[in-house]
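Trainee: Each residue of the sequence shown is one higher than the one before, starting from 7 at the first, in this note's numbering.
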Amino acid sequence: MGEKSSNGILKQAGILAAAGIIVRIIGLLYKSPLTSIIGDEGNGYYNAAYNWYITALMIASYSIPSAISKVMSQKFALGQYKSAQKLFQCALIFVGVSGTFCGVLLMVCARFLVGEGGAYVLRVFGPTVLLYGPLGVLRGYFQAHRTMVPTSISQIAEQVINAVVSILAAFVLTNIAISKMATDPSVNPAIYGAAGSALGTGAGVLTALVFMIFVYYVNRNSVRKKVASDNGEVEDTYTIIRQIVLVVMPFLFSTVLYNITPNINQKIFYAFMMGVRGLEESDTASLYGIYAGKALTITTIPIAMASAMASAMIPSISAKFIKGEKEESKAIATKVIRVSMLVAIPSAIGLIALARPVTMILFPQRGSLNQAAFLLAGLALTVIFYSQSTITNSVLQGTGKLMVPVINATIALVAQTAILVLILVATPLDNMSLVITRVIYAFILFVLNDISCRKRLGLNLDTKAIYIMPFVAAVVMGIAAFVVYFVLTLPFGGMSEVNYLVNLVATAFAIGIGALTYAAVLVKSGTITEEVLRSLPKGTKVIGVLKSVKLL
């Protein structure tokens with residue numbers, strides 16, 4: 007039964023991970039033309055505002071899908087369908103109130119949070135916070151039913167509309183600003199363009215919400231039948247609201263602490279660069295834009311798979327743990343961590359080996375290309391640390407230790423904040439200080455969560471199979487990929503002189519050869535067997551590919 011459950015989790019995680027990766031790819035693809043329109047300065051304003059928008063979502067509703075799926079899956083496991091439906095209705099009221107409060111607060115406090123330039127962008131984000139609440143509840147509702155398909159489709163639809171509207175709105179508003187500059191030199195096209203991009207975010211959320219409402223409407227008869235089959239007593243409203251608050255608050259604290267770090271770092275960075283080193287706001291925004299809008303953005307693709315696995319895992323671990331099935335919970339957590347590391351470790355090494363080529367594909371602006379690539383190489387290791395800490399966060403939450411991730415995130419936050427201030431005071435580093443701080447924060451979280459999970463579930467992870475061998479295989483892969491890229495670009499002037507098309511083709515070949523090398527080392531070393539591959543999402547197809555190239 008444990009094997010079936012963990013395979014089911016991986017299947018649902020595979021669906022959500024595929025959607026997450028598609029979403030991240032769309033996000034990266036539209037970021038390139040968007041950056042061409044609004045520039046690094048506009049990226050800086052947008053990302054500074056976006057960080058606070060995400061924090062508001064955390065407080066208002068972002069933790070709702072995980073919290074709702076956890077509580078509802080427990081009620082489904084006990085056959086309490088009436089109480090589950092009432093929980094769903096109360097959750098909609100909860101996010102309506104919290105979303106309105108946080109959205110208004112963002113608009114009122116915008117100038118204080120992000121300064122004059124970013125305030126216009128943050129005010130555009132305000133109404134989106136209210137829309138995201140019911141969307142989060144609906145996603146959590148279907149996750150509790152162990153189906154990730156509606157969530158996945160809504161995420162893709164959200165990002166497609168976001169991409170299209172962001173580019174169009176940024177282009178239109180930037181040109182309006184440029185035309186106004188003739189009569190008013192104080193008008194800044196970068197701010198107008200960034201605000202246009204924020205409009206795209208709202209349009210995407212609205213589209214996803216409409217889709218999820220439609221899916222719920224289509225499934226309403228099935229829901230009614232389940233509720234009608236429940237002859238038990240429904241819990242009163244006070245008890246339901248209390249359950250929501252008690253479950254949401256720890257989720258909220260851990261997610262806010264997990265995601266408020268960029269906001270704190272951004273405030274410290276802006277204050278120090280402008281107040282101590284005397285940089286203009288536009289120059290500081292450009293430095294921050296290269297870090298957050300380019301390097302940091304690229305690292306989110308591989309982390310998406312871990313986030314998907316974590317979302318898929320919470321309902322199952324919660325349901326099994328409440329039934330006392332600790333060994334099955336342990337089996338699910340172990341398998342998910344192993345699969346996550348098989349993806350995260352080579353992704354990190356690959357980003358180090360091909361940092362400049364990958365950055366050039368996504369953000370080809372030559373003026374900041376080398377700096378963005380250097381920052382990306384520095385951030386690459388966070389892919390490993392964040393991937394595992396995201397999963398272990400969910401393991402702890404799913405097994406009832408809701409406050410442990412909060413404590414761990416607080417320790418990591420205090421440590422990284424002190425380190426960032428020290429680096430800025432004691433060294434001449436600018437945005438590289440943000441990279442170093444993020445790596446340290448992610449590592450501390452990785453270690454603390456790992457220790458907590460071992461204590462809670464008695465996890466005994468196979469260090470060699472999960473970490474050492476994938477790392478060795480990834481290093482060999484990275485060397486192979488770098489050599490292939492170097493050789494292919496040599497006739498065209500070398501790595502630093504190639505044009506966009508040559509870089510694209512050479513990078514694609516390098517990634518392909520690297521992936522085959524990684525698979526070959528894992529298979530030939532016995533780290534990955536056919537049995538293990540078969541349990542993975544699309545594992546049968548992977549086996550077929552490996553057999554066709556004589557690796558299995």
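Note that the Cβ used here is the ideal one computed from N, Cα and C, for glycine as well.
(1) On the premise that Ile250 lies in contact with Phe100, defined as a C-beta separation below 8 Å, what is that separation, rounded to the nearest angstrom?
(2) Would Gly500 be called buried (16 or more neighbouring beta carbons within 10 Å of its own) or exposed?
(3) In the structure shown, what three-state DSSP assignment does Asn194 receive?
(4) Tell me the rounded alpha-carbon separation between Thr213 and Phe220.
(5) Measuring only the C-alpha atoms, how far is Leu84 from Tyr223?
(6) Going straight from the alpha carbon of Arg248 to that of Gly404, what length do you get?
(7) Just to confirm the assignment, what range does the alpha helix (DSSP H) spanning Ile65 have?
(8) Can you give the Cα-Cα distance for Ala350 and Val431, rounded to whole angstroms?
(9) Please list, in chain order, all residues of the same chain as Gly8 whose beta carbon is under 6 Å from its beta carbon, the five residues on each side excluded.
(10) Helix, strand or coil: how does DSSP classify Pro370 here?
(11) Considering just the uninterrupted stretch of the alpha helix (DSSP H) at Gln161, what are its terminal residues?
(12) Would you kindly report the start and end of the unbroken alpha helix (DSSP H) that includes Leu430?
(13) With distances taken from CA atoms, which of Val482, Ala415, Glu503 is nearest Ser531?
(14) Rounded to the nearest angstrom, what separates Val77 and Ser502 at their Cα positions?
(15) Return the Cβ separation of Ser89 and Glu241 in integer angstroms, given the expectation that the two are a contact with Cβ distance under 8 Å.
(16) Use the C-beta contact count for Asp468: other C-beta atoms within 10 angstroms, 16 or more gives buried, fewer gives exposed.
(17) Can you say whether Ser172 is buried or exposed, counting buried as having 16 or more other CB atoms within 10 angstroms of its CB?
(18) Under a three-way DSSP split, which group does Gln86 fall into?
(19) Per DSSP, what kind of secondary structure is Asn509 in: helix, strand or coil?
(20) Secondary structure at Leu496, three-state DSSP: helix, strand or coil?
(21) Please identify the residue among Phe369, Ala424, Val342 whose C-alpha is closest to the C-alpha of Leu35.
(22) Could you give the DSSP three-state label for Glu333: helix, strand or coil?
(23) Give the straight-line distance between the Cα atoms of Ser38 and Leu302, rounded to the nearest whole angstrom.
(24) For Ala378, which residues of its own chain have a beta-carbon under 7 Å away from its beta-carbon, when the five flanking residues on both sides are left out?
(25) I'd like the span of the alpha helix (DSSP H) that includes Leu119, first residue to last.
(26) Give me, in chain order, the residues of the same chain whose beta-carbon lies closer than 6 Å to that of Phe217; leave out the 5 immediate sequence neighbours on both sides.
(27) Return the CA-CA distance between Leu507 and Thr180, expressed in angstroms with no decimal places.
(28) Can you give the Cα-Cα distance for Ser11 and Thr207, rounded to whole angstroms?
(29) Which same chain residues end up closer than 6 Å to Met187 when comparing Cβ atoms and leaving out the 5 residues on each side of it in sequence?
(30) Going by other Cβ atoms of all chains shown within 10 Å of its Cβ, with 16 needed for buried, is Leu387 buried or exposed?
(31) Tell me whether Ile534 sits in a helix, a strand or coil according to DSSP, three-state version.
(32) Beta-carbon within less than 6 Å of Arg344's beta-carbon, same chain only, minus the 5 sequence neighbours each way: which residues are those?
Mentor: Let me lay it out:
(1) 6 Å
(2) exposed
(3) coil
(4) 11 Å
(5) 25 Å
(6) 18 Å
(7) First-last for Ile65: undefined, no H or E at that position.
(8) 33 Å
(9) With a pLDDT of only 47 at Gly8, under the threshold of 50, the placement of this residue in the model should not be trusted; the figure read from the coordinates follows. Result list for Gly8: Glu334, Ala337, in chain order.
(10) coil
(11) 155–186
(12) 410–432
(13) Val482
(14) 53 Å
(15) 5 Å
(16) exposed
(17) buried
(18) coil
(19) helix
(20) helix
(21) Phe369
(22) helix
(23) 14 Å
(24) Ile296, Lys300, Ala301, Thr365, Phe369
(25) 116–150
(26) Ser160, Ala163
(27) 28 Å
(28) Here the model assigns Ser11 a pLDDT of 48, short of 50, so the residue's position is not dependable and the matter cannot be decided.
(29) Val193
(30) buried
(31) coil
(32) Ile472
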